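Below is one structure, written out as structure tokens, with a few remarks after it.
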Amino acid sequence: MAGSSDASQGEFERDTNYITDRITADGRDGWPVEPDRYRLIVARACPWANRAIIVRRLLGLEDVLSMGECGPTHDERSWTFDLDPGGVDSVLGYERLQQAFFARQPDYPRGITVPAIVDVPTKQVVTNDFAQITIDFSLEWSAHHRDGAPELYPEHLRDEIDEIAERVFHEVNNGVYRCGFASSQSAYDQSYERLFAAL
0 MAGSSDASQG EFERDTNYIT DRITADGRDG WPVEPDRYRL IVARACPWAN
50 RAIIVRRLLG LEDVLSMGEC GPTHDERSWT FDLDPGGVDS VLGYERLQQA
100 FFARQPDYPR GITVPAIVDV PTKQVVTNDF AQITIDFSLE WSAHHRDGAP
150 ELYPEHLRDE IDEIAERVFH EVNNGVYRCG FASSQSAYDQ SYERLFAAL
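Have a look at this one:
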């Protein structure tokens, strides 16, 4: 996840502009669900990436969607594959996730974020829209779910799920970032109070 600190107030503001293409059963965005075609890129240090890791596992998608793991930190350019031998992702051949974003758009101006899904044949990012990724795992990848996989996004609960997910995103997960990246004491104090009120 990427963001910046508003220097005038010392407050952290998240960049929420993602690559929003979707991988769907009917391929309507040009990216059809296909076993072994895509690679989920994650970093366990990121709460949004952990959500994708958990959903992939619960639904049993491990055999149809490979996963690459970045290290727990990144430099000023990108998440890196420093956990892999030689610091290179074994499937994509990349040292940095940034390379997959630049393969999609050479002048990509936004943050390099996880989770992201990469099209293995072209080695370019398809999407880094973390919220839609896990919904699509539930709805669009259903033909590949394991026997007995839970229904994680049942239609009758979707409004409630979306409401809770929105609150957790803004107040808890992003709240930690607001505290950590605050550049003034007053911004930190406000962020801290807001986070712990939500908890």
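No gaps in the numbering here: position 44 of the sequence shown is 43 in numbering that gives the first Met the number 0, and each next residue is one more. For each residue, glycine too, the CB sits at the ideal point set by N, CA and C. These numbers come from a predicted model, not from an experiment.
Within 10 angstroms of its Cβ, does residue i collect 16 or more other Cβ (buried), or is it exposed?
i: residue 108; result: exposed
i: residue 139; result: buried
i: residue 98; result: buried
i: residue 68; result: buried
i: residue 196; result: exposed
i: residue 181; result: buried
i: residue 185; result: exposed
i: residue 200; result: The first residue shown for the chain is 0 and the last is 198, placing residue 200 beyond what the model contains.
i: residue 157; result: exposed
With a threshold of 8 Å on Cβ separation, who are the neighbours of residue i within its own chain once the five nearest residues in sequence on each side are excluded?
i: residue 55; result: 39, 61, 64, 66, 136
i: residue 29; result: 20
i: residue 57; result: 148, 149, 151
i: residue 142; result: 24, 32
Taking 8 Å as the threshold (C-beta atoms), are residue j and residue i in contact?
i: residue 37; j: residue 128; result: no
i: residue 80; j: residue 87; result: yes
i: residue 10; j: residue 177; result: yes
i: residue 175; j: residue 194; result: yes
Residues in the same chain with beta-carbon distance under 7 Å from residue i, minus the five sequence neighbours each way, listed in chain order, please.
i: residue 262; result: Outside the displayed range of the chain (0 to 198) lies residue 262, so it cannot be described from this structure.
From the options, pick the residue whose C-alpha is nearest to that of residue i; which is it?
i: residue 133; options: 10, 22, 91; result: 22
i: residue 110; options: 92, 73, 93, 94; result: 73
i: residue 105; options: 122, 92, 116; result: 122
i: residue 83; options: 75, 146, 92; result: 92
i: residue 171; options: 185, 192, 155; result: 192
i: residue 144; options: 187, 34, 25, 173; result: 34
i: residue 96; options: 151, 78, 169, 46; result: 78
i: residue 46; options: 179, 198, 173, 189; result: 173
i: residue 117; options: 154, 31, 169; result: 31
i: residue 51; options: 130, 102, 94, 8; result: 130
i: residue 169; options: 183, 190, 159; result: 190
Between which residues of its own chain and residue i is the CB-CB distance below 6 Å, once the five residues before and five after are set aside?
i: residue 19; result: 128
i: residue 244; result: The structure shown does not extend to residue 244, since the chain spans only 0 to 198, so no value can be given for it.
i: residue 44; result: 71
i: residue 103; result: 123, 124
Can you round the beta-carbon distance between residue i and residue j to whole angstroms, since I take them to be within the 8 Å contact cut?
i: residue 100; j: residue 124; result: 5 Å
i: residue 59; j: residue 164; result: About 22 Å separates the two Cβ atoms, so there is no contact after all.
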